[in-house]
Amino acid sequence: MNKFEALGLEKSLLDAIADMGFETPSEVQEKAIPILLETETDLVALAQTGTGKTAAFGFPLIQKIDSASRTTQGLILSPTRELCLQITKEIQAYSKYEKQINTVAIYGGASITDQSRQIKRGAQIIVATPGRMKDMISRRLVDISKIDYCILDEADEMLNMGFFEDIKDILSNTPDEKSTWLFSATMPKEVSIIAKKFMHNPQEITVGTKNAGTSTVQHEYYVVGGRDRYPALKRLADTNPAIFAVIFCRTKRDTQKVAEKLIEDGYSAGALHGDLSQNQRDLVMNSFRKKQIQMLVATDVAARGIDVNDITHVINYQLPDEIETYTHRSGRTGRAGKSGISMVIITRSEMRKIKAIENKIQQKFITKKIPTGIEICEIQLFHLANKIKETEVNEEIEAYLPAINDVLKDVDREELIKKIVSVEFTRFFSYYKKGKDLNQAGSSDGREGRDGGDFSRGPGNGQVRYFINVGEKDGYDWMSLKDFVRDTVGLGKDDLFKVDVKDSFSFFNTEAEVTDKILSTFTDLKVDGRFVNVEVSKNPGGGGGGRRNRSGGGGGGRRDRNKSGGSGGRDKRRGGNSFSKSENSGKRRSKKRKSDFF
Ligand code: ADP
Ligand code: MG
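What the sequence shown shows, in numbering that gives the first Met the number 0, is residues 0 to 597, in sequence order.
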């Protein structure tokens with residue numbers, strides 16, 4: 000008797016399980032299945048992501064459904080469309096030898112008419128997202144008044160997403176005497192409230208430590224300067240050429256920016272966030288599932304329900320505000336018995352958060368260093384050699400071989416290898432040869448030579464330096480200039496730094512977040528009858544390099560341009576300015592426009 004049979008499962012399920020290649024039940028399956036098969040009970044089951052919860056409720060549900068009746072008997076609520084589809088597929092696979100059982104998925108962003116048509120044909124099991132379910136109930140397109148089983152899957156995530164009211168509403172349309180099975184990775188207060196309110200003496204099973212991170216996941220952190228997050232990310236990706244990762248950012252804006260920047264830098268990346276249409280999200284998710292995209296940059300909300308198994312790395316580009324969220328993020332890797340790595344890029348000031356997370360996940364982080372340019376070059380070199388070795392020869396080349404041989408006839412084997420490898424390697428080498436140490440402990444404040452760090456504008460990642468066409472001549476010193484800019488724009492006390500007042504112009508720095516505010520305030524701004532102009536400076540220095548700037552753009556010429564072209568628009572001003580005259584400025588402007596659309 001195999002171990003699934005010992006749990007009490009019937010032949011049709013055992014056959015399906017064999018087809019799926021499951022050999023032994025997971026812990027949550029071992030604990031939940033017998034209880035659910037033998038008794039009519041409410042159940043709270045806590046188990047991490049990737050522990051096989053779908054089958055833990057799916058197997059007993061299928062076995063208990065009366066396939067001869069077409070009445071809807073089981074309702075599974077799940078947080079996202081992706082999960083909903085995933086569960087539906089799994090349930091259909093488990094029940095493939097139960098020809099009479101019909102499982103239908105109900106979720107937003109698809110035709111409600113199609114879905115209600117499928118329901119009308121008879122759906123013993125409905126898998127639904129709360130929003131669409133509620134909608135269909137109110138339109139009387141579904142009848143859940145006779146269900147025997149209601150499953151709340153990923154309950155913590157559903158509540159996280161604000162579905163409490165919807166769930167309450169949906170449950171009020173179900174009979175009192177049904178059984179409710181709640182599955183969750185964590186047990187925050189909201190979940191216990193649901194359990195208390197809607198369940199009767201639920202049995203409780205817990206797998207592993209409550210709230211513990213998946214132990215197949217290794218947690219690592221990297222301390223970098225605030226402006227070095229992006230170059231650090233790039234290096235982490237370059238050190239892991241076979242990476243298949245989800246990169247988490249805090250905001251939709253950052254998500255979009257990081258993805259755009261990665262794509263621009265030649266990586267196969269995609270963005271997943273709430274400002275994209277359902278259709279766009281589907282496209283991205285499909286490409287990711289098919290591994291056409293190696294790095295999926297996502298917000299926490301959009302990534303809920305990503306259920307892709309082979310994710311090698313989760314990268315926390317920024318840490319989330321809630322520790323709980325970290326658990327969800329890192330749970331995307333190390334699934335189904337595989338190992339995974341959860342990486343965190345942090346600044347020194349965030350290091351205390353690591354302690355808090357360690358306490359929560361009951362696991363230690365490993366401190367790691369961002370690899371140096373040379374290390375990455377080495378890794379890439381060996382990766383490339385291996386790739387060449389393993390590449391399958393394209394037979395189409397055969398016909399051209401004589402001609403190709405002719406071209407290469409004077410190159411010997413050693414030389415040829417060098418050349419082949421150089422084709423790709425030189426790209427890395429020229430990028431990294433001047434690359435600095437990004438690790439915070441070892442890095443100075445030098446911003447020169449940073450690898451491609453700025454994805455918006457200005458010097459580093461987080462900071463922007465500006466040129467302003469007023470200076471000592473206009474009666475300013477650093478304090479009064481600081482006050483003037485701060486009051487004019489409406490910034491906080493510490494928002495301006497590295498103020499450097501020159502004769503007829505000055506410089507100052509801010510964090511990138513306020514750049515738009517500053518630039519729009521100083522559009523067509525006249526003080527004492529004269530245009531005061533602020534522009535993003537290419538000069539990254541915090542005081543040095545003044546001479547170059549002075550000769551590059553005299554105060555006089557600048558003022559003239561302001562007078563005549565004060566309404567010329569920001570792009571024009573920025574583009575035509577001698578300080579931002581670099582190969583990047585055009586790119587930067589188009590990127591700005593692009594992100595404005597999203
Ligand atoms: P959870 O809902 O706990 O996050 P899933 O139910 O999505 O986990 O299962 C994760 C993966 O593990 C799925 O691909 C599933 O097919 C697989 N799986 C589930 N149970 C077993 C088992 N007993 N043996 C092998 N693989 C399993
Ligand atoms: Mg699940």
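Yeah, the Cβ is synthetic: ideal placement off N, Cα and C, and Gly gets one too. A quick note: this is a predicted structure, and the numbers were derived from the prediction, not measured.
**Message:** Looking at the secondary structure, which residues open and close the alpha helix (DSSP H) in which residue 259 lies?
**Reply:** 251 to 263
**Asked** At a cut of 8 Å, does the stretch 341 to 355 reach the stretch 66 to 81 through at least three beta carbon pairs?
**Response** no
**Request:** Run through the stretch 346 to 389 for me and flag every whole beta strand (DSSP E) of 3 or more residues, listed as ranges in chain order.
**Result:** 364 to 367
**Prompt:** How many Å lie between residue 282 and residue 271 at the Cα?
**Reply:** 10 Å
**Message:** I'd like to check one pair, residue 375 with residue 228: are the Cβ atoms closer than 7 Å?
**Reply:** no
**Residue interval of the alpha helix (DSSP H) (run including residue 515)** = 514 to 520
**Item:** Counted within 10 angstroms of its Cβ, other Cβ atoms place residue 284 as buried (16 or more) or exposed
**Value:** buried
**Request:** Would you kindly work out how many angstroms separate the C-alpha atoms of residue 488 and residue 515, rounded to a whole number?
**Result:** 10 Å
**Request:** Could you tell me the boundaries of the alpha helix (DSSP H) in which residue 238 lies?
**Result:** 228 to 238
**Asked** Do the stretch 109 to 128 and the stretch 14 to 30 touch if we need at least three Cβ pairs shorter than 8 Å?
**Response** no
**Message:** So, under 8 Å CB-CB, residue 244 and residue 311 are touching, yes? Tell me the CB distance rounded to an integer number of Å.
**Reply:** 6 Å
**Asked** Considering only residues of the same chain and omitting the five flanking positions on each side of residue 180, which have a CB-CB separation below 6 Å?
**Response** 42, 56, 150
**Request:** Could you tell me the boundaries of the alpha helix (DSSP H) in which residue 131 lies?
**Result:** 129 to 137
**Prompt:** Are residue 75 and residue 126 closer than 7 Å when you measure CB to CB?
**Reply:** yes
**Item:** Own chain, CB closer than 6 Å to residue 35, minus 5 neighbours either side, in chain order
**Value:** 59
**Item:** Check: residue 52 C-beta below 6 Å from any heavy atom of the ligand MG
**Value:** yes
**Item:** Cα-Cα separation, residue 118 to residue 264
**Value:** 47 Å
**Item:** Given residue 84 as reference, the closest of 481, 104, 498 once Cα atoms are compared
**Value:** 104
**Asked** Helix, strand or coil for residue 278 per DSSP?
**Response** helix
**Prompt:** What is the rounded straight-line gap between the Cα of residue 93 and the Cα of residue 386?
**Reply:** 38 Å
**Beta-ladder partner(s) of residue 206, from DSSP** = None; residue 206 has no bridge partner.
**Asked** Quick one, which of 169, 532, 47, 422 has its alpha-carbon nearest residue 143's?
**Response** 169
**Item:** Inter-residue CB distance, residue 346 and residue 161 (contact presumed, cutoff 8 Å)
**Value:** In fact, because the Cβ distance is near 30 Å, the residues do not count as touching under 8 Å.
**Prompt:** What separation, rounded to the nearest whole angstrom, lies between the Cα atoms of residue 534 and residue 520?
**Reply:** 11 Å
**Message:** If the criterion is Cβ atoms closer than 7 Å, does the pair residue 178 and residue 221 meet it?
**Reply:** no
**Item:** Whole-angstrom distance between residue 186 and residue 238, CA atom to CA atom
**Value:** 36 Å
**Request:** Report back the beta-carbon spacing between residue 465 and residue 421 to the nearest angstrom; my notes put them in contact at under 8 Å.
**Result:** Not really, about 41 Å apart at Cβ, beyond 8 Å.
**Request:** Check residue 221 in the structure and name its three-state DSSP category.
**Result:** strand
**Prompt:** So, helix, strand or coil for residue 57, using DSSP?
**Reply:** helix
**Prompt:** Are there 16 or more other CB atoms within 10 angstroms of the CB of residue 138, so buried, or fewer, so exposed?
**Reply:** exposed
**Item:** For residue 433 and residue 474, the rounded distance between their alpha carbons
**Value:** 41 Å
**Prompt:** Alpha carbon to alpha carbon, what distance is there between residue 0 and residue 8?
**Reply:** 11 Å
**Item:** Cβ shell of residue 303 (< 6 Å), same chain only, five flanking positions each side left out
**Value:** 78, 79, 156
**Item:** Three-way DSSP call (helix, strand, coil) for residue 158 in this model
**Value:** helix
**Asked** Just the Cα atoms here: how many angstroms apart are residue 483 and residue 472?
**Response** 15 Å
**Asked** Relative to the C-alpha of residue 134, which residue among 145, 164, 429, 153 is closest?
**Response** 164
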